[in-house]
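**Student:** Take a look at this one; I'll ask things after.
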Amino acid sequence: MNVAKGIGIIAVVIGHSTTNINLLNFIYLFHMPLFFFVSGYFYKDKNTLSPWEFFKKKVTGLYVPFITFELISLVLHNAFLNWGIYTSQMTNNYSIQEFIAIAQQILSFNHTQIMTFTFWFFPSLFFSSMMFLMINMVANKAGRYSEVCKLIMVVAISAAGFILIKHNIVLSWSLRTSMVAIVLFYCGYLFKRFEDKIKSNIGIAIFCAVVLLFNMVKRVDMSTDVYINPVFFYMNALMGIYLIIFISKFICRKYGSLNFLNYCGKKTIIIMATQYLGLYYGRMITSYIEANIYSKMQVSSVIVSNTWVIVALCGLFVPLAIQYIIDRLVTLKMNARKQAITLKV
Numbered sequence: 009m010n011v012a013k014g015i016g017i018i019a020v021v022i023g024h025s026t027t028n029i030n031l032l033n034f035i036y037l038f039h040m041p042l043f044f045f046v047s048g049y050f051y052k053d054k055n056t057l058s059p060w061e062f063f064k065k066k067v068t069g070l071y072v073p074f075i076t077f078e079l080i081s082l083v084l085h086n087a088f089l090n091w092g093i094y095t096s097q098m099t100n101n102y103s104i105q106e107f108i109a110i111a112q113q114i115l116s117f118n119h120t121q122i123m124t125f126t127f128w129f130f131p132s133l134f135f136s137s138m139m140f141l142m143i144n145m146v147a148n149k150a151g152r153y154s155e156v157c158k159l160i161m162v163v164a165i166s167a168a169g170f171i172l173i174k175h176n177i178v179l180s181w182s183l184r185t186s187m188v189a190i191v192l193f194y195c196g197y198l199f200k201r202f203e204d205k206i207k208s209n210i211g212i213a214i215f216c217a218v219v220l221l222f223n224m225v226k227r228v229d230m231s232t233d234v235y236i237n238p239v240f241f242y243m244n245a246l247m248g249i250y251l252i253i254f255i256s257k258f259i260c261r262k263y264g265s266l267n268f269l270n271y272c273g274k275k276t277i278i279i280m281a282t283q284y285l286g287l288y289y290g291r292m293i294t295s296y297i298e299a300n301i302y303s304k305m306q307v308s309s310v311i312v313s314n315t316w317v318i319v320a321l322c323g324l325f326v327p328l329a330i331q332y333i334i335d336r337l338v339t340l341k342m343n344a345r346k347q348a349i350t351l352k353v
């Protein structure tokens, strides 16, 4: 699934880079649903028997990275504004009182900085995971009707989420999104259970791609709870997910698991956390090119309209470069510690 996650995170970066509305709409039909689906895929039934361990795992995997990167972004907020990475139209310099208030919100899992704008996803996924854990704990008491109970509760929670959205009732922690996403989490869980019986079929993959292309005239956005309607949202999300899984399995068969997409799939957190920096520098580069090169040359409008590709590449590779530097520093520190221990011995 790391290859599928790799495709998904690249789609996220492209979605934040492209100026092509059709491409943007196409990507938004399935790119965030994929991550809820993948999380459900990795849910194990044994988690229901040890809920405290599952909770601690999710705190470590979602809450800790969330507060770490959010607090770092908060500390650097005024510096980013002074350096021009943020603009005065986006935000203002924080006072000490604002720092403290925002830090409290971050620690309560309920605030994202500009730098980490994609981190709305973390509390949403956390609470979807907890909801599914509780669903399983309750359903297991129903004996042979446990699967029916799971389905009923998943549908009921999802329906409640759509009702809240329809009546514009806002909840903290992106809980409405968590409720809508529970269906995707459940589908990922079911896919894992019946994966051997679900064959990759090129005909189905092509059909899914065609349907998505027809439906990209409409915009879906999980971050702002825009879904058109439940049938439209889930149908396109699952078709997009099937297409991504089909492509990822083809890549794994052709090139094995050691490939760039697999690597990106393992580094989704750092890409989400720092892609804003990459996008910022990418836009600086394209602005310079457009002002100093394209303006002095007779350049095709097709080329000019696709400079977003440079932005997307920066949005992907700047975070990976940051991760590489972090890995190198950690390795150097570990080697230095080993040498110190050896010298003492």
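So the sequence shown is residues 9 to 353, counted in my numbering.
We treat Cβ as the ideally placed atom computed from N, Cα and C, and that holds for glycine.
Would you mind reading off the limits of the alpha helix (DSSP H) that contains Q97?
**Tutor:** As a working mapping, residue 97 is identified with position 89 in the sequence shown. Q97 -> no alpha helix (DSSP H), and no H or E assigned at all.
**Student:** With a CB to CB cut of under 6 Å and the five nearest residues on each side skipped, what residues in its chain are close to A299?
**Tutor:** Taking the sequence shown and counting its residues from 1, the one referred to as residue 299 is at position 291. Same-chain partners within the cutoff: there are none.
**Student:** On a Cα-Cα basis, can you pick out the residue from L79, I297 and L89 that is closest to Q112?
**Tutor:** Position 104 of the sequence shown holds residue 112. It is L79 whose Cα lies nearest to the Cα of Q112.
**Student:** Nearest by alpha-carbon distance to I212: which of V20, Y250 and R227 is it?
**Tutor:** Working through the sequence shown from its first residue, we reach residue 212 at position 204. Checking every option, the nearest Cα to that of I212 belongs to Y250.
**Student:** Count the other CB atoms, across all protein chains shown, that sit within 10 Å of the CB of S58; report buried if there are 16 or more and exposed otherwise.
**Tutor:** In the sequence shown, residue 58 corresponds to position 50, counting from 1. When all chains shown are included, S58 counts as exposed.
**Student:** The alpha helix (DSSP H) spanning Y235 covers which residue range?
**Tutor:** Here residue 235 refers to the residue found at position 227 when the sequence shown is read from its first residue. Careful: Y235 lies outside any alpha helix (DSSP H) and carries neither H nor E.
**Student:** Just to check my reading of the structure: A12 and L42 have Cβ atoms closer than 8 Å, yes? What is that Cβ distance to the nearest angstrom?
**Tutor:** Position 4 of the sequence shown holds residue 12. Position 34 of the sequence shown holds residue 42. Right, their Cβ atoms sit about 7 Å apart.
**Student:** My output table needs one value for D229: the three-state DSSP class, helix, strand or coil.
**Tutor:** Taking the sequence shown and counting its residues from 1, one reaches residue 229 at position 221. Strand.
**Student:** CB V21 to CB A245, shorter than 8 Å?
**Tutor:** The residue given as residue 21 occupies position 13 in the sequence shown. The residue given as residue 245 occupies position 237 in the sequence shown. The answer is no: Cβ separation not under 8 Å.
**Student:** Taking 8 Å as the cut-off, decide whether the C-beta atoms of F140 and I190 are in contact.
**Tutor:** Here residue 140 is taken as the residue at index 132 of the sequence shown, counted from 1. Here residue 190 is taken as the residue at index 182 of the sequence shown, counted from 1. Yes, these two residues count as a Cβ contact at 8 Å.
**Student:** May I ask which residues mark the beginning and end of the alpha helix (DSSP H) holding H39?
**Tutor:** Mapped onto the sequence shown, residue 39 falls at position 31. That run of the alpha helix (DSSP H) goes H39 to Y49.
**Student:** Between V326 and Y289, how many whole angstroms is the CB-CB distance? I'm expecting something under 8 Å.
**Tutor:** Against the sequence shown, residue 326 aligns to sequence position 318. Against the sequence shown, residue 289 aligns to sequence position 281. With a Cβ gap of about 6 Å, V326 and Y289 count as contacting.
**Student:** Determine whether the beta carbon atoms of K65 and F134 lie at a separation below 8 Å.
**Tutor:** The residue you call residue 65 lines up with position 57 of the sequence shown. The residue you call residue 134 lines up with position 126 of the sequence shown. In this structure, F134 does not lie closer than 8 Å to K65 by Cβ.
**Student:** Can you give me the C-alpha to C-alpha distance between L32 and M138, rounded to a whole angstrom?
**Tutor:** Within the sequence shown, numbered from 1, the residue matching residue 32 stands at position 24. Within the sequence shown, numbered from 1, the residue matching residue 138 stands at position 130. Between L32 and M138, the C-alpha separation is close to 31 Å.
**Student:** Ignore the nearest five residues each way along the sequence and tell me which others in Y94's own chain have a CB closer than 8 Å to its CB.
**Tutor:** Here the question's residue 94 lines up with position 86 in the sequence shown. These residues qualify, in order along the chain: H85, F88 and I122.
**Student:** Nearest CA to the CA of I17: which residue from I29, M40, F34 and T27?
**Tutor:** Within the sequence shown, residue 17 is the residue found at index 9, counting from 1. Nearest of I29, M40, F34 and T27 to I17, Cα basis: M40.
**Student:** Return the first residue and the last residue of the alpha helix (DSSP H) that N300 is part of.
**Tutor:** Position 292 of the sequence shown, counted from the first residue, corresponds to residue 300. Unbroken alpha helix (DSSP H) run through N300: T276 to N300.
**Student:** In whole angstroms, what separates the C-alpha of G169 from that of N343?
**Tutor:** The count along the sequence shown starts at 1 and reaches residue 169 at position 161. The count along the sequence shown starts at 1 and reaches residue 343 at position 335. Roughly 50 Å separates the two Cα atoms.
**Student:** Using 8 Å as the threshold, is the C-beta distance between I330 and T276 below it?
**Tutor:** Translated into positions along the sequence shown, residue 330 becomes position 322. Translated into positions along the sequence shown, residue 276 becomes position 268. In this structure, T276 does not lie closer than 8 Å to I330 by Cβ.
**Student:** I need the straight-line Cα distance from V338 to K207, nearest angstrom please.
**Tutor:** One-based indexing of the sequence shown puts residue 338 at position 330. One-based indexing of the sequence shown puts residue 207 at position 199. So the two alpha carbons sit approximately 42 Å from each other.
**Student:** Out of T294, N28, Y235 and C322, which has the shortest C-alpha to C-alpha gap to F38?
**Tutor:** By 1-based counting over the sequence shown, the position of residue 38 is 30. Taking only the C-alpha atoms, the option nearest F38 is Y235.
**Student:** Once DSSP output is grouped into helix, strand and coil, what is the label at Q331?
**Tutor:** Taking the first residue of the sequence shown as position 1, residue 331 is located at position 323. Of the three classes helix, strand and coil, the one that applies to Q331 here is helix, per DSSP.
**Student:** At a cut of 8 Å, does the segment 140-149 reach the segment 49-63 through at least three beta carbon pairs?
**Tutor:** Result yes; three or more Cβ-Cβ pairs closer than 8 Å.
**Student:** Going straight from the alpha carbon of K257 to that of G48, what length do you get?
**Tutor:** For the purposes of this step, residue 257 is taken as residue 249 along the sequence shown, with counting starting at 1. For the purposes of this step, residue 48 is taken as residue 40 along the sequence shown, with counting starting at 1. C-alpha separation (whole angstroms): 18 Å.
**Student:** When you compare only the Cα positions, how much space is there between N314 and S96?
**Tutor:** Position 306 of the sequence shown, counted from the start, is the residue given in the question as residue 314. Position 88 of the sequence shown, counted from the start, is the residue given in the question as residue 96. Approximately 28 Å between the Cα atoms of the pair.
**Student:** Between the alpha carbons of I210 and R184, how many angstroms are there, rounded?
**Tutor:** Here residue 210 is taken as the residue at index 202 of the sequence shown, counted from 1. Here residue 184 is taken as the residue at index 176 of the sequence shown, counted from 1. About 35 Å.
**Student:** Exposed or buried, what is V225 when buried is set at 16 or more other beta-carbons lying within 10 Å of its beta-carbon?
**Tutor:** Within the sequence shown, residue 225 is the residue found at index 217, counting from 1. The residue in question, V225, is exposed, as its Cβ has fewer than 16 Cβ neighbours within 10 Å.
**Student:** Please state whether the Cβ-Cβ distance between W91 and S231 is less than 8 Å.
**Tutor:** In the sequence shown, counting from the first residue as 1, residue 91 sits at position 83. In the sequence shown, counting from the first residue as 1, residue 231 sits at position 223. Against a cut-off of 8 Å, the Cβ pair of S231 and W91 comes out as no contact.
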